[in-house]
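Asker: Below: one structure in structure tokens.
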Amino acid sequence: MSSRPVFLSAAEVQDHLRSSSLLIPPLETALANFSSGPDGGVVQPVRTVVPVAKHSGFLGVMPAYSAAEDALTTKLVTFYEGHSSASAVPSHQATVLLFQPNNGALLAVMDGNVITAKRTAAVSAIATKFLKPPNSEVLCILGAGVQAYSHYEIFTEQFFFKEVRIWNRTKENAEKFVNSVPGEVRVCSSVQEAVTGADVIITVTMATEPILFGEWIKPGAHINAIGASRPDWRELDDELMKQAVLYVDSQEAALKESGDVLLSGAEIFAELGEVVKGVKPAHCEKTTVFKSLGMAVEDMVAAKLVYDSWSSGK
Numbered sequence: 406m407s408s409r410p411v412f413l414s415a416a417e418v419q420d421h422l423r424s425s426s427l428l429i430p431p432l433e434t435a436l437a438n439f440s441s442g443p444d445g446g447v448v449q450p451v452r453t454v455v456p457v458a459k460h461s462g463f464l465g466v467m468p469a470y471s472a473a474e475d476a477l478t479t480k481l482v483t484f485y486e487g488h489s490s491a492s493a494v495p496s497h498q499a500t501v502l503l504f505q506p507n508n509g510a511l512l513a514v515m516d517g518n519v520i521t522a523k524r525t526a527a528v529s530a531i532a533t534k535f536l537k538p539p540n541s542e543v544l545c546i547l548g549a550g551v552q553a554y555s556h557y558e559i560f561t562e563q564f565f566f567k568e569v570r571i572w573n574r575t576k577e578n579a580e581k582f583v584n585s586v587p588g589e590v591r592v593c594s595s596v597q598e599a600v601t602g603a604d605v606i607i608t609v610t611m612a613t614e615p616i617l618f619g620e621w622i623k624p625g626a627h628i629n630a631i632g633a634s635r636p637d638w639r640e641l642d643d644e645l646m647k648q649a650v651l652y653v654d655s656q657e658a659a660l661k662e663s664g665d666v667l668l669s670g671a672e673i674f675a676e677l678g679e680v681v682k683g684v685k686p687a688h689c690e691k692t693t694v695f696k697s698l699g700m701a702v703e704d705m706v707a708a709k710l711v712y713d714s715w716s717s718g719k
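Structure below.
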């Protein structure tokens, strides 16, 4: 084992984590362990967020330890609201640190942007596997940023859809998405057009006010809500939040960080890990929402997989 930490760039992380599908089995285990409480061996506080008010930014710190994986990590993530998609500096930047659990030695420092994109999409795919309606044919993606690409990649690997639609506030970015990915994707001119009749909907936007409304949703549809990660931001309206069966990654985090949950007053039915464990049912016959905020244990799983892959190829 190297006595000095290894530094892995975004390209190197991508090389060791080519398919998000590789993350699904270990993430399912980690989600189940997290939702098992102390017996699951996962120690993960709700992220600490430090505002950088002068520059309209935030620094998030996300540590986690898993006894099952015997892995210890923390992710540092910055988010600056004012950065547009045209900026040379992305709005979100992340770094993951992996430590040796038995002595605290730093094993690796790796780019966290690829990890964040791929583990988030993989968790959405897990939720969709359990919660999507039978015979789902239409997939809709709202947003055309990094998470749209990572979700499209794993969703087209894991599921078959007869039609894929995309909407983005800036149509040019939606068209760029369509021209950048394999397969046929239809650009829609409005959210309502995009989601009407859709079986599975993914919201990966920068919205701070609701853009998706319950009256537009096909009964029994499944929604993966990824954006609106602050307590005063929304993507989904009250009607949708209250008519759907609501699943979350972490109940504690959702009740602290999610504007969609807090401002709607919607009741959380279950954590995704409880569904994976089989202790709570997956109501795929009803309209469902999976509100994803992202968890440190998910970053840990991905970072360990990357490091183990790097170590085996040394």
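Note that the numbering used here numbers the sequence shown so that position 163 is 568, with each residue one more than the last.
We put the beta carbon where it would ideally sit given N, CA and C, even for glycine.
What separation, rounded to the nearest whole angstrom, lies between the Cα atoms of Ser669 and Asp643?
Answerer: 5 Å
Asker: Between the Cα of Gln597 and the Cα atoms of Gln449, Ala435 and Pro615, which residue gives the shortest distance?
Answerer: The shortest C-alpha separation from Gln597 is found at Pro615.
Asker: What residues match up with Cys593 in a beta bridge as DSSP calls it?
Answerer: Paired residue(s): none; Cys593 is not in a bridge.
Asker: Buried or exposed: where does Asp543 fall if 16 or more other Cβ atoms within 10 Å of its Cβ makes it buried?
Answerer: Just to set this straight, residue 543 is Val in the shown sequence, not Asp. Flag for Val543 reads buried.
Asker: For Leu503, I'd like the list of residues in its chain whose CB is within less than 6 Å of its CB, leaving aside the five on either flank, ordered along the chain.
Answerer: Answer for Leu503: Thr478, Leu512, Ala513, Ala708 and Tyr712, listed in chain order.
Asker: Measuring alpha carbon to alpha carbon, tell me which residue in Val551, Phe564, Ile559 and Gln563 is nearest Asn573.
Answerer: A check of alpha carbon separations from Asn573 across Val551, Phe564, Ile559 and Gln563 identifies Val551 as the nearest.
Asker: Given that a residue counts as buried once 16 or more other Cβ atoms are within 10 Å of its Cβ, and exposed if not, what is Gly548?
Answerer: buried
Asker: Please name the residue, chosen from Arg591, Cys545 and Pro450, that lies closest to Ala626 on a Cα-to-Cα basis.
Answerer: The shortest C-alpha separation from Ala626 is found at Cys545.
Asker: Determine whether the beta carbon atoms of Thr692 and Ile606 lie at a separation below 8 Å.
Answerer: No; because the gap between Cβ atoms is not below 8 Å, this pair is not in contact.
Asker: In whole angstroms, what is the alpha-carbon distance linking Thr613 and Ser663?
Answerer: 11 Å
Asker: Please report how far the alpha carbon of Val528 lies from the alpha carbon of Ser408, in whole angstroms.
Answerer: Using only the alpha carbons, I get a separation of about 33 Å.
Asker: Does the contact criterion of 3 or more C-beta pairs under 8 Å hold for the region 668-688 versus the region 457-473?
Answerer: no
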